[in-house]
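**Q** Sending over a structure as structure tokens; questions will come in a sec.
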Amino acid sequence: MYPKSMFRKRQYEKAIQDAVSSLSKLDLKFMRTFALVNSTISMGINPSPTLILNSLCEKFLPENVSAIIFLSCTENYGRATASAQYFLQLAGYLGIPVIAWNADNSGLEQAAQTGLRIQLAPSVHHQAAAMLSILIRYQWHSLSIVTSQIAGHTDFVQAVRDEVAYHQEHHRVKFVIIDTIVIDDMRTSLIRLKNSEARIVLLYSTKEEAIGIMDHAKKLGLVDKDYMWIVTQSVVGDKVTKELPVGMLGVHFDTSMDSLASSIPTAVEVFAYAIEEFVNQTRFRNGDLNPRLSCNDHRNSKWKLGSNFYRHLREVTIPKEPTTVSFNSDGTRHDVELKIVNLRDSTPNTKIWEEIGVWRSWEEEGLSVNDIVWPGNGHVPPQGVPEKFELKIVFLEEPPYISLAPADPVTQQCASNSGVPCKVPRTKEEMESENVTSAAKTMCCSGFCIDLLEKFATDLGFTYDLVRVDDGKWGTMDRDHRWNGLIGELLRRDTEGAEMALTSLKINKERESVVDFTVPFLESGIAIVVAKRTGIISPTAFLEPFDTASWMLVAFVAIQVAALTIFLFEWLSPGGYNMRTGNLEMAPPRDHKFSLFRTYWLVWAVLFQAAVHVDCPRGFTARFMANMWAMFAVVFLAIYTANLAAFMITREEFHDFSGLNDTRLQHPHTVSPAYKFGTVEETNSAMVLRRHQPHMYNYMVRHGYNKPFVKDGVRSIKENELDAFIYDATVLDYLVGQDDDCQILTVGSWYSMSGYGLAFPRGSKYLPLFNNKLMTYKDNGEIERLQRFWMTGTCKPMKQQRRASEPLAIEQFLSAYLLLGIGMVLAVVLLALEHIYFKYVRKHLAKKDSGGCCALVSLSMGKSLTFRGAVYEATNKLRRHRCRDPLCDTHIWKVKHELDMARVTIRHLEKQLEANGHKPAHKKCLHQAQSGVSATPLLGCCWSSPTEEATWVRPSALSVTSSQQHLLQPTHGHQAATTGEVAGALQTTFRRSNTGMYMETVLSEDPTGRLLGGHTEDLPPSSHPPVTQQATPPTSFTQAVPTTPRKRSFESRSPESPLAGLLRCQHQLK
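Per our numbering, numbering through the sequence shown is continuous, rising by one, with the last residue being 1749.
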């Protein structure tokens, strides 16, 4: 398909025939079997969609075409472009590849391309790449894009952006696209360009549109020596013009009819080489290259092998001079050559685009240019950036955004790491004390905003005068409805007014109504800062390692189950109680000291590893269960001890407010004492509180809690003057991170989110410049880098370590005293219960229980209910007691003598009762070793001599020596015996039984009737003293006596002494 032309038709057809004929010289194998048949169609410049569709259905499809060569050299960029696009899209839907050479290819929007297209002419991407190569040559890194509503303008913008990204990705050069302007209203759009910092402009439009654009640009001063306009092929056109200004640069390629005709052989060769590859590298069958499509047959509406054939077309490489014809993945040509042209004066009334260089896509340094006439007939290229301008900037210090430091006192300069010079007004006191007339002093400013300002100054090319606001206020409206502080400086109309305000200035509705803000460079809100207080350890800290459920499980399940199972196993075990309940017939051994209460004592002692005396069970099962409990106790105590350390530490306490809507702040008088909080007057925080939280604001003002500066508020909460301080969140977060002692922290959620911005007077021409730069800094991460550098901070660990090593005060471990106090209170309660038991409960239990079942619960309780138990306990104490000196023995003998006399008196009274007919009731005397009775019958039983025992008695006199005189102290009014005086009779009794023979020596009563003492010992066979024989010793006497003497601990009294009989009975049983 070629353009319809009466004069060029023969030329086109002849070029096609010559190209087909020349294929025979290429030695292509498929030419031996197949022949190429061409069908040429000429179409008008602006065909209708119906004509295009009819041409395809009636002329192309019946011919079974395998590819369409589309040739066009028109540059109308209007309806013709739309017609060409429609034609190519229909071909793509049919699956027929298209080999195109069209001058207005930029009108073919890539977003709508669905066809299989090979482009032989240079594309918009090539033109964009050539334009950027000019910028690289002259080190112009900032540019703006201006386009008209021409078809394909979005393609051009995207092509430029793609090339910029490509250069940045390969680290060649970093371009900045300042603005992209699509001309709608020429004057308005170009004013926008005028207010920007752009000095290099890429223009894409038709030639007619470019003339109108440059006419308005000339009126706005956009075509002088500081501006460089670079245009595309669509603007260059036929190279002759008289309306455009001198000095413009452009990219150009030949779009003449001769150039179109010269591209026909290349298109035919590409088609032929693709067929050669298709036939040789696929399972080719006859008819594969015949699509057999029809507009009336829906089953054959798309060529199935069309995409495969297009791939072969795209992979064709043809050696040519000076390079090789090849294609990119998107079908555009890889080897492209564009001419660089410069608009110069030709005649007094005409200008001409003169070729000054060439750009080749296949070369690394693809651009080569000669002498250029620059805008305004200049001889040097423009700088590409605007000339430097100066700004007066007002600020107010607030770390970390702006911090002040003194400058060098001699040079009045700032070191490289201490910031930039800034002017700070002197106070009257400073002027008087320093005796100076200058109203301002030089200091050094540093911080987040200063680094941001330096970045702006470098990129935008301006200088600045940084001055602190005179009144030191942020900018609020006073009672006279006049603005003060930073906002007031921007509103001044005189020459002293500021052109920009730079600091942590919050954007709010009131300020935006009078000044212009840039886009926010940081987001922030209102936060609350509180002080940390060194808290005390909780009095219940010893209970906190486990929750309530765990303690309940241990106290009421684990301990109870363990104690009951150990006691139950001991009661059931044959080696333990063997299911005995303490009856007389089945009483357990008296030395088996185990009961339910003692089981609990064992369980508690094992659980807490207490170093106390415990009675262990005898049964194997009970002991095994006790070992299992010990293993549980080891694990439990290890877990408890490990977790207890975490809870027995000093905790930091603070007011954990949820935010400004916390009820404790909304209603501070609901607690006692009332919460105290404040903010900084005449700031954004105060304005927000006054507008949205008037009752809180009035409370702070009424009590005078507000502070003039942030540092005063932080100091107030540290010194406990305020409970909370309200201010900008990012500033408070910074102060928390920089606090040396880590005594403050922010709590709660942020309130009234807004941002920090740069403020300008209304209609400032600098606002768009700073806005564009801020957006760039946000996109490339510059703002985030500054934020990480200035906003982060941590407490100093050395301070924390020093404070952590301080000794604890008494209130820090109240839990230990609390536990001890609770134990003492419980001990008093138990003592009262013990008294109640012995006074009121025991006598009732004694009637119902003789010490059996109660002894299973508690041995002490069982003994307290029976006389036998009490006697057993006393006997055990006497048996285990050993005196270490004679004085101790003397006292014991005295006490025992008084006890014996009391018992004799009891027996005498019992006999008198019997004589009067009142015989006491006695239980049956038992002669077995395990018998147990109470009171007198027990003693009588034990005093009775066994039937098999024989007794010999040898009385003798005993002289009292000086060493024994202290034993014979007077009692009951009797005189003590003197030295050498016979104090009493020493009666030696020899007794023989089946177990052997032992001697009992008893010091009988003295003349006063007082009882002394004696001892018992086993006799060897050879030691038979002379005795008064009352019974003949049995013949087995000698054989029954042990071969070695054995001594027993024994103390005797008179023959009527019940205790002596009891002890004698015990020795015989033993």
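Glycine is no exception: its CB is placed at the ideal position from the N, C-alpha and C atoms.
As the structure is a computational prediction, the values presented were derived from the model and not from experiment.
According to the neighbour-count rule (16 or more other Cβ atoms, all chains shown, within 10 Å of its Cβ), is residue 1073 buried or exposed?
**A** If you number the sequence shown from 1, residue 1073 lands on position 394. Counting Cβ neighbours within 10 Å, residue 1073 comes out buried, since at least 16 surround it.
**Q** So residue 1333 packs on residue 1210, CB below 8 Å; how close in whole Å?
**A** Start at 1 with the first residue of the sequence shown, and residue 1333 comes out as number 654. Start at 1 with the first residue of the sequence shown, and residue 1210 comes out as number 531. Confirmed, Cβ separation roughly 7 Å.
**Q** I'd like the list of long-range same chain contacts for residue 1198, defined as Cβ closer than 6 Å, with 5 residues on each side in sequence excluded.
**A** Numbered from 1 along the sequence shown, position 519 holds the residue referred to as residue 1198. For residue 1198, where only same-chain residues beyond five positions count, the Cβ hits under 6 Å are 1450 and 1453.
**Q** What do you get for residue 695, buried or exposed, if any count of 16 or more other CB atoms within 10 angstroms of its CB means buried?
**A** As a working mapping, residue 695 is identified with position 16 in the sequence shown. Counting Cβ neighbours within 10 Å, residue 695 comes out buried, since at least 16 surround it.
**Q** Going by CA-CA distance only, name the one from 887, 1038, 746 and 941 that's closest to residue 968.
**A** Taking the first residue of the sequence shown as position 1, residue 968 is located at position 289. That would be 746, whose Cα lies nearest to the Cα of residue 968.
**Q** Output yes or no for whether 7 Å exceeds the beta carbon distance between residue 1127 and residue 1436.
**A** Within the sequence shown, the letter at position 448 stands for residue 1127. Within the sequence shown, the letter at position 757 stands for residue 1436. No, the pair does not count as a contact, with Cβ atoms beyond the cut-off.
**Q** Are there 16 or more other CB atoms within 10 angstroms of the CB of residue 1160, so buried, or fewer, so exposed?
**A** Looking up residue 1160 in the sequence shown gives position 481. Exposed, since its Cβ has fewer than 16 Cβ neighbours within 10 Å.
**Q** Curious, which full-length beta strand (DSSP E) runs of at least 3 residues does the stretch 1172-1213 contain?
**A** With a minimum length of 3 residues, the continuous beta strand (DSSP E) runs that stay inside the stretch 1172-1213 are 1201-1210.
**Q** Consult DSSP for residue 1358 and reduce its assignment to one of helix, strand or coil.
**A** Residue mapping note: residue 1358 aligns to position 679 of the sequence shown, counting from 1. Coil, per DSSP.
**Q** Along the chain, which unbroken stretches of the beta strand (DSSP E) at least 3 residues long are found entirely within the stretch 1065-1135?
**A** Counting whole runs of 3 or more residues, the stretch 1065-1135 contains the beta strand (DSSP E) stretches 1068-1074, 1082-1085, 1099-1104 and 1119-1125.
**Q** Could you compute how far the alpha carbon of residue 1643 sits from the alpha carbon of residue 1578?
**A** By 1-based counting over the sequence shown, the position of residue 1643 is 964. By 1-based counting over the sequence shown, the position of residue 1578 is 899. Summary for residue 1643: the model assigns pLDDT 37, below 50, so the residue's position carries little reliability; its value from the coordinates is reported in the next sentence. Spanning the two alpha carbons is a distance of roughly 22 Å.
**Q** Can you check which of these residues, 1208, 732, 975 and 997, is closest to residue 951 by C-alpha distance?
**A** Counted from its first residue, the sequence shown places residue 951 at position 272. If we check each option's Cα against that of residue 951, 997 comes out closest.
**Q** Let me know the secondary structure DSSP gives residue 1006 once reduced to three states.
**A** Walking along the sequence shown from the start, residue 1006 turns up at place 327. Reduced to three states, the DSSP call for residue 1006 is strand.
**Q** Should the stretch 984-991 be regarded as contacting the stretch 937-950, the criterion being three or more beta carbon pairs within less than 8 Å?
**A** No contact exists between the stretch 984-991 and the stretch 937-950.
**Q** Use the C-beta contact count for residue 1163: other C-beta atoms within 10 angstroms, 16 or more gives buried, fewer gives exposed.
**A** What you label residue 1163 is simply residue 484 of the sequence shown in a count that begins at 1. Buried, because 16 or more other Cβ atoms sit within 10 Å of the Cβ of residue 1163.
**Q** Grouping DSSP H, G and I as helix and E and B as strand, with all else coil, what is residue 1713?
**A** Looking up residue 1713 in the sequence shown gives position 1034. Any answer about residue 1713 is weak, because its pLDDT of 40 lies below 50 and its placement is not dependable; what the coordinates show is given next. Reduced to three states, the DSSP call for residue 1713 is coil.
**Q** Let me confirm a value: residue 1512 is counted as buried when at least 16 other C-beta atoms fall within 10 Å, else exposed. Which label applies?
**A** One-based indexing of the sequence shown puts residue 1512 at position 833. Exposed, by the Cβ-count rule.
**Q** Is DSSP giving residue 743 helix, strand or coil here?
**A** Along the sequence shown, read from residue 1 onward, the residue named residue 743 stands at position 64. DSSP places residue 743 in coil when its eight states are reduced to three.
**Q** Unbroken alpha helix (DSSP H) runs of length 4 or more, entirely within the stretch 895-973: which are they?
**A** Qualifying alpha helix (DSSP H) stretches, in chain order: 912-915, 936-941 and 943-960.
**Q** On the DSSP bridge list, what partners appear for residue 1386?
**A** Locating residue 1386 in the sequence shown gives position 707, counting from the first residue. DSSP lists 1359 as partners of residue 1386.
**Q** Indicate the three-state DSSP secondary structure (helix, strand or coil) for residue 1144 in the structure shown.
**A** Taking the sequence shown and counting its residues from 1, one reaches residue 1144 at position 465. Residue 1144 falls in the strand class under three-state DSSP.
**Q** Around the Cβ of residue 931, are there at least 16 other Cβ atoms within 10 angstroms (buried) or fewer (exposed)?
**A** Along the sequence shown, read from residue 1 onward, the residue named residue 931 stands at position 252. Buried, since its Cβ has 16 or more Cβ neighbours within 10 Å.
**Q** To the nearest angstrom, how far is it from the Cα of residue 847 to the Cα of residue 1044?
**A** Counted from its first residue, the sequence shown places residue 847 at position 168. Counted from its first residue, the sequence shown places residue 1044 at position 365. Distance between the alpha carbons of residue 847 and residue 1044 is about 17 Å.
**Q** Helix, strand or coil for residue 1402? Go by DSSP, reduced to three states.
**A** The residue given as residue 1402 occupies position 723 in the sequence shown. Residue 1402: coil per DSSP, three-state reduction.
**Q** Once DSSP output is grouped into helix, strand and coil, what is the label at residue 1296?
**A** Along the sequence shown, one-based indexing puts residue 1296 at 617. Coil at residue 1296, not helix or strand.
**Q** Can you tell me the Cα-Cα spacing of residue 1039 and residue 1133, whole angstroms?
**A** Taking the sequence shown and counting its residues from 1, one reaches residue 1039 at position 360. Taking the sequence shown and counting its residues from 1, one reaches residue 1133 at position 454. Those two C-alpha atoms are separated by around 40 Å.
**Q** Run through DSSP, which three-state label would residue 1306 get?
**A** Locating residue 1306 in the sequence shown gives position 627, counting from the first residue. Of the three classes helix, strand and coil, the one that applies to residue 1306 here is helix, per DSSP.
**Q** For the stretch 1402-1439, list the beta strand (DSSP E) runs that are entirely contained and at least 3 residues long, ordered along the chain.
**A** You should have 1403-1407 and 1423-1435.
**Q** Return the bridge partner residues of residue 1233 from the DSSP annotation.
**A** The sequence position of residue 1233 within the sequence shown is 554, counting from 1. Residue 1233 pairs with nothing; no bridge assigned.
**Q** Thinking just about the alpha-carbon of each residue, which of 893, 1580, 898 and 1318 is nearest to the one in residue 922?
**A** Along the sequence shown, one-based indexing puts residue 922 at 243. Closest by alpha carbon: 893.
**Q** With burial defined as no fewer than 16 other Cβ atoms inside 10 Å of the residue's Cβ, what is the status of residue 1626: buried or exposed?
**A** What you label residue 1626 is simply residue 947 of the sequence shown in a count that begins at 1. Confidence at residue 1626 is low in this model, with a pLDDT of 39, below 50, so its placement is unreliable and the value that follows should be read with caution. Classification of residue 1626: exposed, given that the 10 Å Cβ count is below 16.
**Q** Quick check on DSSP: helix, strand or coil for residue 857?
**A** Working through the sequence shown from its first residue, we reach residue 857 at position 178. DSSP places residue 857 in strand when its eight states are reduced to three.
**Q** If I measure Cβ to Cβ from residue 1142 and keep anything under 8 Å in the same chain, skipping five residues before and after, which residues do I get?
**A** Position 463 of the sequence shown, counting from 1, holds the residue named residue 1142. 1067, 1068, 1069, 1070 and 1136.
**Q** What number of angstroms, rounded off, separates the C-alpha of residue 999 from the C-alpha of residue 838?
**A** Position 320 of the sequence shown, counted from the start, is the residue given in the question as residue 999. Position 159 of the sequence shown, counted from the start, is the residue given in the question as residue 838. In a straight line, the C-alpha of residue 999 is about 27 Å away from that of residue 838.
**Q** Just to confirm the assignment, what range does the beta strand (DSSP E) spanning residue 1016 have?
**A** The count along the sequence shown starts at 1 and reaches residue 1016 at position 337. Segment 1016-1026, the beta strand (DSSP E) holding residue 1016.
**Q** In the structure shown, what three-state DSSP assignment does residue 748 receive?
**A** For the purposes of this step, residue 748 is identified with residue 69 of the sequence shown, where counting begins at 1. The answer is strand: DSSP assigns residue 748 an E or B state.
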